[in-house]
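Peer 1: Under the UniProt record's numbering, think of the first position of the sequence shown as 1, with each following residue one higher.
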Amino acid sequence: MSKRPNEGTLSAPPPSKRSRVTRAGNRTADRLSSLSDEILLHILSYLPIPSLLICQSVSRRFHILAGDSELWKRKYYSRWVRPRARRLANGKRASSLRAKFQYSPKVSTWLDHSHLAKEGIATNWKRQYRLRHNWSKGACRVSEVAFPQPPRSPLLVDFCAGYVFTADSDHGLRAWDSGNPKSCLATVPFDGPGPQSANAPTALAASRCPQRDLVYVAVGFESGRFSIYHLDTTASQLKAHSSHGDSAGAAITAIALSFPVPANDAASDTSEPPQKAHRLASLTGESILTPMSLSIRVTGGEIISSVVFSFFHIGCGWSLGIQEVHFNQRGEQIASRLTTTVDSQYGLMSASPSTESAAESPNSHRQNSTSIEPSISHHEPPTSVSYSHPYLLSSHRDNTLTVYLVVSTADGLYVKGGQRLWGHTSSVSTVQVSDRGKAVSVSSHGGEIRIWELETLISLFGTAKAFREERSIQVSPEKEKQGPREGLTLLSVAPHSETGESRGPAEGSCQECQKRGCIGFDDERVLLVRENQLGTRFLELYDFT
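1. Taking only three categories from DSSP, how would you classify T253?
2. Buried or exposed, going by whether 16 or more other CB atoms sit within 10 Å of the CB of V308?
3. Using beta-carbon positions only, say whether Y542 and P477 come within less than 8 Å of one another.
4. Classify I322: buried if its beta carbon has 16 or more other beta carbons within 10 angstroms, exposed otherwise.
5. Taking the alpha-carbon of V433 as reference, which of V385, F544, V325 has the nearest alpha-carbon?
6. Specify, as a first and last residue, the run of the alpha helix (DSSP H) that P181 falls within.
7. Under 8 Å, do F159 and R537 count as touching if we go by C-beta distance?
8. Excluding sequence positions up to five away, which residues of its chain have a Cβ less than 7 Å from the Cβ of N399?
9. Between which two residues does the alpha helix (DSSP H) holding W318 run?
10. Can you look up L280 in the DSSP assignment and give me helix, strand or coil?
11. Quickly, what does DSSP pair Q432 with across the bridge? List them, please.
12. Mark A206 as exposed unless 16 or more other C-beta atoms lie within 10 angstroms of its C-beta, in which case mark it buried.
13. Can you check DSSP and say which residues form a bridge with D543?
14. Check R74 in the structure and name its three-state DSSP category.
15. State the Cα-Cα distance for the pair L539 and L214, rounded to the nearest angstrom.
16. Select from T187, H313, S242, A250 the residue whose C-alpha is nearest the C-alpha of A235.
17. Just checking, does the stretch 101-115 make contact with the stretch 44-59 on the three C-beta pairs under 8 Å criterion?
18. Hey, S243 and S258: beta-carbon distance below 8 Å or not?
19. With a threshold of 8 Å between beta-carbons, can I303 be considered close to chain B, or not?
20. Evaluate K182 with the Cβ neighbour count: other Cβ atoms within 10 Å of its Cβ, from every protein chain shown; 16 or more gives buried, anything less gives exposed.
21. Is it the case that the Cβ atoms of T202 and I252 are separated by a distance below 8 Å?
22. Over the uninterrupted alpha helix (DSSP H) stretch that includes V219, give me the two end residues.
23. Nearest CA to the CA of K75: which residue from L41, Y129, F165, L32?
24. Tell me whether H241 sits in a helix, a strand or coil according to DSSP, three-state version.
25. Pull up the distance between the alpha-carbon of Y346 and that of S282, whole angstroms please.
26. Does the Cβ of D269 have 16 or more other Cβ atoms within 10 Å, making it buried, or fewer, making it exposed?
27. Which runs of the alpha helix (DSSP H), 4 residues or longer, sit entirely within the stretch 25-72?
28. Spatial neighbours of S153 within its chain, please: CB distance less than 7 Å, with the 5 preceding and 5 following residues excluded, ordered by chain position.
29. Since L204 and V219 should fall inside the 8 Å C-beta cutoff, what is the C-beta to C-beta distance between them, to a whole number of angstroms?
30. Cβ atoms of G418 and T339: under 8 Å apart, would you say?
31. In the DSSP assignment, the alpha helix (DSSP H) including residue 547 goes from what residue to what residue?
32. Can you list, in chain order, the residues of its chain with a C-beta nearer than 8 Å to that of Q56? Leave out the 5 residues immediately preceding and following it.
33. For V308, which three-state DSSP category applies?
This is the structure we're talking about:
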């Protein structure tokens with residue numbers, strides 16, 4: 001039992017405690033909240049992209065400021081526009097081009113960015129930056145949709161303006177929204193004279209008419225006739241526009257369509273009855289073999305129709321020929337020119353238009369090309385050909401592609417340089433290229449998909465640097481059903497995996513795949529059609545947004 005303290009003795013005072021520090025004194029001084037939004041935006045403009053993304057999670061205010069569209073617009077310009085302008089201006093005097101490298105808020109002044117300067121439409125520049133970043137890394141999500149009721153007849157597929165068009169004898173012409181391809185948007189049957197075999201579609205092409213919110217579709221048939229349809233994108237209706245026969249009666253194997261057409265053409269107005277089509281020109285070839293490519297483009301007051309075909313050359317093997325036919329707005333033929341890739345395959349860099357005439361044989365070439373060995377020689381015909389002026393691209397069974405630059409001026413037509421592209425690990429089955437130099441290629445086995453940026457390569461033709469630069473990016477998709485993974489930021493790339501499951505249908509289902517072909521791509525997505533051993537066709541959508 002403890003003793004009671006002596007009440008007469010004074011107890012010692014307790015030890016003194018540390019003085020409390022005020023709450024404001026224990027916190028780091030906030031020097032940012034008092035700043036105006038203009039000053040904070042100026043500070044944020046110096047931050048790298050990862051730090052800018054972190055700032056968006058600090059507070060609501062910083063979420064708005066760090067996501068400012070003008071801020072990301074400047075980041076987009078610094079990352080994608082200015083370096084490209086410097087590359088294209090390489091070799092010119094910097095004093096005369098220095099002003100062109102300065103940032104300008106007018107997107108219409110940016111090189112090849114006029115499609116982003118649409119009046120009345122605000123561009124989400126953060127989304128645009130993320131889109132370009134994902135393209136540069138090959139990062140995307142892939143979804144797969146099976147076509148209902150697999151047709152017994154061959155299926156033709158084309159992609160235009162965000163819509164997928166399919167044509168077959170069983171279901172006619174169908175339209176699908178690439179953003180939601182699980183259900184058919186519109187359909188129209190094929191009606192024509194004769195047996196059903198004569199109404200089998202053999203060629204398909206689509207072109208957008210933005211002035212009327214219409215997408216025109218041209219379908220060629222076994223009987224030699226072709227029909228024009230149009231899809232009203234606002235009403236989601238697919239209607240027949242016109243049908244035209246051909247006295248030749250031969251099947252149409254390729255077709256091209258382009259809009260806008262001249263203003264006096266009745267085909268641009270669906271409210272008036274279409275005029276009867278008449279033939280403007282006819283070209284006859286004796287040794288033209290597939291694959292081939294057709295294209296139409298409008299330049300100034302001329303309409304230029306281009307035909308690219310393959311032929312065998314005794315010196316350099318398989319080569320390509322390009323035939324151009326020029327028309328005025330009244331439909332009158334004003335010029336016809338022909339050139340080949342033979343000189344480019346021998347390493348000859350053309351500096352002036354070729355003097356070859358349209359009547360000259362593709363096998364003819366300059367005498368000085370026979371004295372040297374060809375630098376580009378193909379012993380087998382190309383597997384596919386794609387031409388979107390000025391880029392000409394062909395794919396081959398030896399795991400390579402070949403790119404050429406086609407120059408068309410008022411003086412003539414010629415091919416300036418050529419380059420073989422390496423990167424695929426198996427035979428390349430199909431390739432497509434756009435007029436801005438972006439290309440997509442697909443291999444025959446393993447589902448290897450590669451993205452190519454050809455614009456930089458074109459400027460390096462004939463130099464040693466052209467052989468050293470890496471120009472392709474392999475697409476590395478992740479399955480759509482997989483949710484966002486921890487540790488991945490907004491702009492990060494889907495990680496590679498040693499198993500086929502995390503790579504999606506591009507590699508996981510390669511054993512079941514018989515055919516895979518690219519049907520088209522735009523700024524946001526790539527569309528492929530795959531067919532398995534059972535004949536079921538799938539639409540694969542690779543989304544880079």
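Backbone N, C-alpha and C fix where the C-beta goes; we use that ideal spot for every residue, glycine too.
Peer 2: Here's the rundown:
1. coil
2. buried
3. yes
4. buried
5. V385
6. Not the alpha helix (DSSP H): P181 falls in the beta strand (DSSP E), residues 180-188.
7. no
8. H424, T425, S426, S427, V428
9. It is not in any alpha helix (DSSP H) - W318 instead sits in the beta strand (DSSP E) that spans 317-327.
10. coil
11. V440
12. buried
13. R141, R525
14. helix
15. 23 Å
16. T187
17. no
18. no
19. Here chain B cannot be found, since the structure has a single protein chain.
20. exposed
21. yes
22. No alpha helix (DSSP H) contains V219, which is instead part of the beta strand (DSSP E) from 214-221.
23. Y129
24. strand
25. 31 Å
26. Only weak support is given to the placement of D269: the predicted model assigns it a pLDDT of 43, under 50, and the question is left unresolved by the model.
27. 37-44, 49-55, 60-66
28. D168, S169, D170, A200
29. 6 Å
30. no
31. The structure shown does not extend to residue 547, since the chain is modelled only from 1 to 545, so the question has no answer here.
32. F62, H63, A66, G67
33. strand
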